[in-house]
Amino acid sequence: MALISIDNLTVEQRLKAVSLELNRGELLGLIGANGAGKSTLLHAIAGLQSATGDITIDDRLIDTIPPHERARIVGIQPQAVSSAWALTVTDIVALGRMPWGDEDQAAINRAIERAGVDEFRDRIIDQLSGGERARVWLARVLAGEPQALLADEPIASLDIHYQLAVMAVLQNYSREGKGVIVAIHDLSLAARFCDRLCLLDKGEMIAIGTPKEVLTEALLSTAYGVPVDIDLEREPPVVLPK
Amino acid sequence: MARLVTSFLTPLLMLALIIVASISLGFGSTSVGVFAGLIDWLNGEQTDAALIIGEIRLPRTLLALIVGASLGLSGAALQGLLRNPLAEPGLVGASQGAALGAATVFYYGVFASLGTLATAVAGLLGAGATLLFMLLLAGSGRPALVIMAGLAISTVAGAALAVVLNFAPNPYAMQELVFWLMGSVSNRGLDSLTILFPALIIGSALILSQRRLLAALSLGEQIAESMGQSIKQGSRIIVLGVACLVGSSVSVAGAIGFVGLLVPHMLRPFVGHRPDRLLIPAALLGAILVCVADIAVRGMPFGQELKLGVLTSLIGAPFFVWLVWKERKRWL
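Quick look at the structure:
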């Protein structure tokens, strides 16, 4: 049974009748050019964007779930995050418990461990590098231990070391029987980490399937408007513009 | 030491508040026994000490404490809601709105049927309306926009206040209003507490009920909403709470500026910069600061009394300049 089923999801001028399923234990990559509708789709699932169509989580229509309960099931890491105040890493991660109304230390410690931010848990967020911050934002979502974790371009602007680290965290989380959807621009990393990929083009889903099925020259050049070099047999796989 | 202060911040502030309040009760041109005077006053005896403590110093002290607490808490709540360290009741237009509302009542007897409550209700409506207009105009919590919208709305309220002053029924009324606008807690009487105290309780309860929203907003509106918080409803409740606090304070004590700006900044390092933990300490420190400032005003050797609001502005304005300087360094 799918964790999340999306049927005919439409957001005026941004998303056209998208239908897909997210399974437990799966890392689903959301790819497509800028403005293709990746963020809109994630926001609609998280309840940040009103949309028509049906979203069901564990067989419950999402509109029937009260906001705080929905927040326990779906956690989102939006694209641009910043802290208005000079909070400590631990306090930021603890905010992730808000949907549960507690400050469960065990859950907070687990999230800190998973995201690998233990060594700077007492530091102030302003003092951390971009890569360190990205993992803190992720730890905040992980602390809520949502059934479905949505991450909107969590590796944009990170160096290759942190890109791999963050993708590994997301993959490991999905392997615990949770579902993860990640919007991602790096197609090589998408091919390497994601179980399935969903390709969006101008708000329409033009392909969904394994990386092999979606990362084809025809589909990618349609979506991105440039010819691409694809070598999925390599370890790790490579997808680059020509 | 800093860690010790952090752990016992609220009890320490409470202790300081009691000390400051006792000093305020004992401070004045005539030396009288504070406790003896209080007990006499409570027993309804007509001694000098009872009169001085019960009729003059107690109302003044309580007023300073409540107005200070209201302003400190409003500042902390506004800064948290707008995620903006420069937000303050005076800078976002709330004080001017409250002043406009209260001044209109003073002159033209609007809401006459409400009796003594009229100025407070008008102050509250004025503060609430300017805050709502400011939020509508700013459209978001972005610091620059909030300050610009606050400036615009303050200017509008200031212009309207100038019109009210312009058409003052007589010169004395105008003078009275100008002095009142400068802010003071003297000669107000215990009656004004019947407005201020309930407003403090209701305003604080409204704001404190939203402390989780304030914490969540640290990471932005999207994350707060994704964690199940209702931003629309929550910010309305906070604005209503701030309007309650600022409206009632300004309608009784006039404009006492910069308390709401200063207090949260002084406390932030001791609460780990958490907006939710800032609220109660900000109310306590606000009360302490305004009471201390009022003692200072009373202790000045001038023939004419320096108005409390003028003193807080003299201290607060350079602090505001320093804050802008600090922000500037972040951007340049």
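So the sequence lines, in the order shown, correspond to chains A and B. Take 1 as the starting number for the first sequence in my numbering and just add one per residue. Take 243 as the starting number for the second sequence in my numbering and just add one per residue. In this text, a Cβ means the ideal position worked out from N, Cα and C, and glycines have one as well.
- At a cut-off of 8 Å between beta-carbon atoms, B:Pro517 makes contact with chain A.
- The C-beta distance from B:Gly470 to A:Arg70 rounds to 7 Å, short enough to fall under 8 Å.
- Unbroken alpha helix (DSSP H) runs of no fewer than 4 residues, entirely contained in the stretch 142 to 230 of chain A, are found at 160 to 174, 187 to 193, 211 to 214, 217 to 224, following chain order.
- According to the DSSP assignment, B:Gly541 belongs to the alpha helix (DSSP H) that extends over 517 to 541.
- The alpha-carbon separation between B:Gly502 and B:Trp564 amounts to approximately 16 Å.
- Under the DSSP assignment, A:Lys16 falls in the beta strand (DSSP E) whose first and last residues are 15 to 22.
- When 7 Å is used as the limit between beta carbons, A:Val81 is near these residues of chain B: Leu461, Gly462, Ile465, in chain order.
- Against chain A, the CB of B:Met390 has no partner CB under 8 Å away; the residue lies outside that interface.
- The contact set of A:Ile76 on chain B, defined by CB atoms closer than 7 Å, consists of Ser468 in chain order.
- Contact between A:Leu3 and A:Ala148 holds: their C-beta atoms lie close to 6 Å from each other, under 8 Å.
- The beta carbon of A:Glu217 sits closer than 8 Å to those of Pro227, Val228, Ile230, all from its chain and outside the five residues before and after it, given in chain order.
- With a threshold of 16 other beta carbon atoms within 10 Å, B:Thr252 falls short and is exposed.
- Taken through DSSP and simplified to helix, strand or coil, B:Ile395 comes out as helix.
- In the DSSP assignment, A:Leu27 forms a beta bridge with A:Val180.
- Contact between the stretch 313 to 320 of chain B and the stretch 472 to 488 of chain B is present: three or more C-beta pairs spanning the two stretches fall below 8 Å.
- Taking the Cα of B:Gly558 as reference, the smallest distance to any Cα among B:Asp536, B:Arg519, B:Val505 is reached at B:Val505.
- A Cβ-Cβ distance of about 19 Å is found for the pair B:Ala362 and B:Ala525, leaving them out of contact under the 8 Å criterion.
- With respect to A:Ala36, A:Leu189 sits apart: the two C-beta atoms are not nearer than 8 Å.
- Separation of A:Met98 and B:Leu419 (C-alpha to C-alpha, rounded to the nearest whole angstrom) is 47 Å.
- Residues of the stretch 255 to 269 of chain B with a C-beta atom less than 7 Å from some C-beta of chain A do not occur.
- For A:Val11, the enclosing beta strand (DSSP E) begins and ends at 4 to 11.
- A distance below 6 Å between beta-carbons, with the five flanking residues on each side excluded, links A:Leu87 to the following residues of its chain, in chain order: Ile125.
- For A:Ala84, the nearest CB of chain B lies under 8 Å from its own CB, placing it at the interface with that chain.
- Within 8 Å of the CB of A:Arg70, the CB atoms of chain B belong to Gly470, in sequence order along the chain.
- The shortest CA-to-CA distance from B:His507 to any of A:Ala115, A:Trp85, A:Ser157 is the one to A:Trp85.
- Contact with chain B is found for A:Asp91, since one of that chain's Cβ atoms lies less than 8 Å from the residue's Cβ.
- Nearest C-alpha to B:Lys549 among B:Gly381, B:Ala497, B:Ser264, B:Asp282: B:Ala497.
- Membership of B:Gln321 in the alpha helix (DSSP H) is indicated by the continuous run 300 to 324.
- Counting only runs of at least 3 residues, the stretch 68 to 150 of chain A fully encloses the following beta strand (DSSP E) elements, listed from N- to C-terminal order: 74 to 77.
- Residues of the stretch 44 to 73 of chain A with a C-beta atom less than 9 Å from some C-beta of chain B are Ala46, Gly47, Leu48, Pro66, Pro67, His68, Glu69, Arg70, Ala71, Arg72, listed in chain order.
- Here the alpha carbon of B:Gln475 sits roughly 21 Å from the alpha carbon of B:Gly489.
- The stretch 4 to 15 of chain A and the stretch 32 to 48 of chain A touch, with three or more beta-carbon pairs separated by less than 8 Å.
- Only residues of its own chain outside the window of five on either side were considered, and among them Leu199, Ile206, Ala207 have a CB closer than 8 Å to the CB of A:Leu219, listed in chain order.
- With distances taken between CA atoms, B:Gln452 lies nearest to B:Leu323 out of B:Leu323, B:Gly370, B:Val406.
- About 19 Å separates the CB atoms of A:Pro146 and A:Arg196; that is not less than 8 Å, and the two are not in contact.
- Taking a Cβ-Cβ cut-off of 8 Å, the neighbours of A:Pro99 in chain B comprise Met469, Gly470, given in sequence order.
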